[in-house]
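Novice: Could you have a look at this structure, given as structure tokens, before my questions?
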Amino acid sequence: MTETSTCRICEGTVRRFVDFGEQPLSDAFRDPSDETEEFFYGLAVGHCSGCDMVQLMEAVPRERMFHEGYPYYSSGSTVMRSHFQTTAARLISEYATGEDPFIVELGSNDGVMLESVARAGIRHLGMEPSASVAEVARSKGVRVREAFFEKATALEILEQDGPADVVYAANTFCHIPYVDSVLAGLGELLVPEGVFVFEDPYFGDVIEKASFDQFYDEHFFLFTATSVAGMARRFGFSLVDVERLPTHGGELRYTLAREGRRTPTLRVARMLQEEARRGLTSPAALRAFADRVRANGDRLVGELRALRDQGKRVVGYGATAKSATVLNFCGIGPDLLEYVCDTTPDKQGRLTPGSHVPVVGHDRFTEAYPDYALLLAWNHADEIMAKETGFRDAGGRWIHYVPEVRVV
Ligand code: DWN
Ligand code: SAH
Ligand code: ZN
29 MTETSTCRIC EGTVRRFVDF GEQPLSDAFR DPSDETEEFF YGLAVGHCSG CDMVQLMEAV
89 PRERMFHEGY PYYSSGSTVM RSHFQTTAAR LISEYATGED PFIVELGSND GVMLESVARA
149 GIRHLGMEPS ASVAEVARSK GVRVREAFFE KATALEILEQ DGPADVVYAA NTFCHIPYVD
209 SVLAGLGELL VPEGVFVFED PYFGDVIEKA SFDQFYDEHF FLFTATSVAG MARRFGFSLV
269 DVERLPTHGG ELRYTLAREG RRTPTLRVAR MLQEEARRGL TSPAALRAFA DRVRANGDRL
329 VGELRALRDQ GKRVVGYGAT AKSATVLNFC GIGPDLLEYV CDTTPDKQGR LTPGSHVPVV
389 GHDRFTEAYP DYALLLAWNH ADEIMAKETG FRDAGGRWIH YVPEVRVV
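29 is the number of the first residue of the sequence shown in the numbering used here; add one for each residue after it.
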């Protein structure tokens, strides 16, 4: 893997700071009878000193990741469902105040957020290229267009529906290397005072928790307030608000408006100051992160091998996209994990990408509790711990690997 690449934001030089080697597509759960060759790409992460953006060194073509077989359904978590209901209520009360408001969502997935907007009778459109999840959203009364959002599709929306008051994107903008096209599209689509609100995993949390599995094919960028403020400026926008969210292991919600149209909140300045003080992307911080990744990976494999040698039953909990990075980077396969359980029907009966651990339904877990469960869906720990008290009562123990390897 090369040591440098060209920055997607400023065309400066991106320098690699961590390399996870060859990786499969994180959401390409394999049919056991599939004999075609599995697709791999080089997963390494770099930092651009020109604009401070953290990004992957290599982009996977978008059609390989987002298509009719995309298996991630956002409504699979109770906590996330309630998060998106609250979000819909806020978007409506803050931005749907005009005569005939129009709300657009990028990456609307199974309609988890827009179903509340549809129910409120507000004009809306979900942009969602993955047919599998778009279909579920439609069945909930959500209006969806099955396409990638970019400048060309933004212009088509504008022509058909007129300008949008707010465009929202959760866990989607960081999936898009072609930000120039998306921000140009937003420049066309939004009303003059319109805003782009988006939330994505926060690099500040990745550094703090060494949560290295936030890096995988779909997560092209890991943003900070500093890098987003710079990116916005470059494309005629400014960062006017920022808010910390507890979702997905720590995220930031950013609000962009056209330059000069809205006054930035105090929170923006405070966040930028805090990031500068923490030195989030300093060479020392990036080096320390890479060291922790290796150390935690080694410890995790060591723990799993020890348990196997003691004849313990160990399984994985949650066939997350993130876990592709952990399992493949650490070389954890069916010799160390009996199965990974997951509530998503589309993932069950398949094998985890690259590492080929069977994915089974949640029933398998409760029918005969294992001795240990590796919490791959660590970002949903509170929700999962609250409902899996039976596992603990049966003497089961959880293996965590974020922020460090712990058995509890
Ligand atoms: O950014 C992304 C996020 C929003 O979703 C996408 N690129 C892809 C996906 O990433 P992920 O797969 O890492 O997301 P989650 O939400 O951590 O995935 C949780 C997985 O665990 C799902 O497959 C559902 C499953 N699950 C379960 O089996 N039991 C989840 C919960 C809460 C449970 O109780
Ligand atoms: N917003 C949901 C889904 C996140 S998964 C949530 O937070 O849970 C990312 C989603 O973005 C996928 O459903 C994928 O199909 C979609 N996506 C990827 N590129 C996109 C683009 N250019 N425009 C719109 N959606 C896109
Ligand atoms: Zn740059």
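Cβ coordinates follow ideal geometry from the N, Cα and C atoms, glycine included. Here the structure is a predicted model, which is why all the values come from computation and not from measurement.
Could you check how far apart the C-beta atoms of residue 382 and residue 51 are, in whole angstroms? I think they sit under 8 Å.
Specialist: 7 Å between Cβ atoms; contact.
Novice: Would you mind stating whether residue 115 and residue 141 have Cβ atoms separated by less than 8 Å?
Specialist: Against a cut-off of 8 Å, the Cβ pair of residue 141 and residue 115 comes out as a contact.
Novice: Measure the alpha-carbon distance for residue 56 versus residue 163 and round it to whole angstroms.
Specialist: For residue 56 and residue 163, the distance between alpha carbons rounds to 19 Å.
Novice: Between the segment 311-326 and the segment 253-261, can you find at least three pairs of beta-carbon atoms closer than 8 Å?
Specialist: Judged by Cβ distances under 8 Å, the segment 253-261 makes no contact with the segment 311-326, as fewer than three pairs qualify.
Novice: Start and end of the alpha helix (DSSP H) containing residue 358?
Specialist: It spans 351-358 - the alpha helix (DSSP H) in which residue 358 sits, taken as one unbroken run.
Novice: Tell me whether the beta-carbon of residue 341 lies closer than 8 Å to the beta-carbon of residue 410.
Specialist: Against a cut-off of 8 Å, the Cβ pair of residue 410 and residue 341 comes out as no contact.
Novice: I'd like to know whether the C-beta atoms of residue 100 and residue 422 end up nearer to each other than 8 Å.
Specialist: Cβ atoms of residue 100 and residue 422: not closer than 8 Å.
Novice: Taking only the alpha-carbon atoms, compute the straight-line gap between residue 148 and residue 70 and give it to the nearest angstrom.
Specialist: Approximately 44 Å, taken between the alpha carbons.
Novice: Is DSSP giving residue 76 helix, strand or coil here?
Specialist: Correct three-state label for residue 76: strand.
Novice: Under the assumption that residue 267 contacts residue 273 (Cβ atoms under 8 Å), give the Cβ distance between them as a whole number of angstroms.
Specialist: Not confirmed; about 16 Å, so no contact.
Novice: Which value, in whole angstroms, describes the spacing of the CA atoms of residue 187 and residue 209?
Specialist: So the two alpha carbons sit approximately 17 Å from each other.
Novice: Candidates 433, 224, 161: which alpha carbon is nearest residue 196's?
Specialist: With distances taken between Cα atoms, residue 196 lies closest to 224.
Novice: Output the boundary residues of the alpha helix (DSSP H) element that contains residue 131.
Specialist: Per DSSP, residue 131 belongs to no alpha helix (DSSP H); it is in the beta strand (DSSP E), 130-134.
Novice: Under 8 Å, Cβ to Cβ, is there at least one residue of chain D near residue 152?
Specialist: Chain labels in this structure do not include chain D; a single protein chain is all it has.
Novice: Is residue 280 helix, strand or coil by DSSP?
Specialist: The answer is strand: DSSP assigns residue 280 an E or B state.
Novice: Should residue 150 be listed as close to the ligand ZN, given that the test is whether its C-beta is under 7 Å from any heavy atom?
Specialist: No, since every heavy atom of the ligand ZN falls outside the 7 Å radius drawn around the Cβ of residue 150.
Novice: Quick check on residue 138: buried or exposed, where buried means 16 or more other Cβ atoms within 10 Å of its Cβ?
Specialist: Buried, since its Cβ has 16 or more Cβ neighbours within 10 Å.
Novice: My parser needs the alpha helix (DSSP H) runs of 4 or more residues fully inside the segment 284-335; what are they?
Specialist: Entirely contained in the segment 284-335, the alpha helix (DSSP H) runs reaching 4 residues are, in chain order, 294-306.
Novice: Once DSSP output is grouped into helix, strand and coil, what is the label at residue 93?
Specialist: Residue state, collapsed to three classes: helix.
Novice: Between residue 220 and residue 289, how many whole angstroms is the CB-CB distance? I'm expecting something under 8 Å.
Specialist: That pair is a contact at about 6 Å.
Novice: Since I believe residue 233 is in contact with residue 278 (beta carbons under 8 Å), could you give me their beta-carbon distance rounded to a whole number of angstroms?
Specialist: Right, the Cβ-Cβ distance comes to about 3 Å (below 8 Å), so this counts as a contact.
Novice: Could you please give the first and the last residue of the uninterrupted alpha helix (DSSP H) stretch that includes residue 51?
Specialist: No alpha helix (DSSP H) holds residue 51; the beta strand (DSSP E) holding it covers 41-52.
Novice: Please give the ranges of any beta strand (DSSP E) in the segment 128-177, keeping only runs that are unbroken, at least 3 residues long and fully inside the region.
Specialist: List check, beta strand (DSSP E) in window: 130-134, 151-155.
Novice: In the DSSP assignment, find the unbroken beta strand (DSSP E) run with residue 196 in it and report its ends.
Specialist: That run of the beta strand (DSSP E) goes 192-198.
Novice: Is the closest heavy atom of the ligand SAH to the C-beta of residue 156 under 7 Å?
Specialist: At least one heavy atom of the ligand SAH is nearer than 7 Å to the Cβ of residue 156, so yes.
Novice: At a threshold of 7 Å, does residue 397 count as lining the ligand DWN (C-beta to nearest heavy atom)?
Specialist: Residue 397 Cβ: outside cutoff for every heavy atom of the ligand DWN.
Novice: Can you give, in chain order, each stretch of the beta strand (DSSP E) that sits fully within the segment 364-435 and has at least 3 residues?
Specialist: If we require 3 residues or more, the beta strand (DSSP E) runs fully inside the segment 364-435 come out as 400-403, 425-428.
Novice: Which residue marks the beginning of the beta strand (DSSP E) containing residue 32, and which one marks its end?
Specialist: Its beta strand (DSSP E) spans residues 32-34.
Novice: Between which two residues does the alpha helix (DSSP H) containing residue 123 stretch?
Specialist: Where residue 123 is concerned, the enclosing alpha helix (DSSP H) stretches over 106-123.
Novice: Considering only the beta carbon of each residue, do residue 248 and residue 204 sit closer than 8 Å?
Specialist: Yes, they are a contact pair.
Novice: Run through the DSSP bridge pairs and tell me what residue 224 is partnered with.
Specialist: Paired residues: 195, 284.
Novice: Do you know how far the Cα of residue 129 is from the Cα of residue 222?
Specialist: Approximately 11 Å, taken between the alpha carbons.
Novice: For residue 170 and residue 402, what's the separation of their Cα atoms in angstroms?
Specialist: Computed Cα separation, rounded: 36 Å.
Novice: My guess is that residue 38 and residue 262 are in contact by the Cβ rule of under 8 Å, so how many angstroms apart are they, rounded?
Specialist: With a Cβ gap of about 7 Å, residue 38 and residue 262 count as contacting.
Novice: Kindly list the residues whose CB is nearer than 7 Å to the CB of residue 388, restricted to its own chain and excluding five residues on each side of it in sequence; keep chain order.
Specialist: Closer than 7 Å at the Cβ level, and outside the excluded window around residue 388, lie 367, 369, 376.
Novice: Which residues in the same chain have their Cβ closer than 7 Å to the Cβ of residue 407, if we skip the five residues on either side of it in sequence?
Specialist: These residues qualify, in order along the chain: 276, 277.
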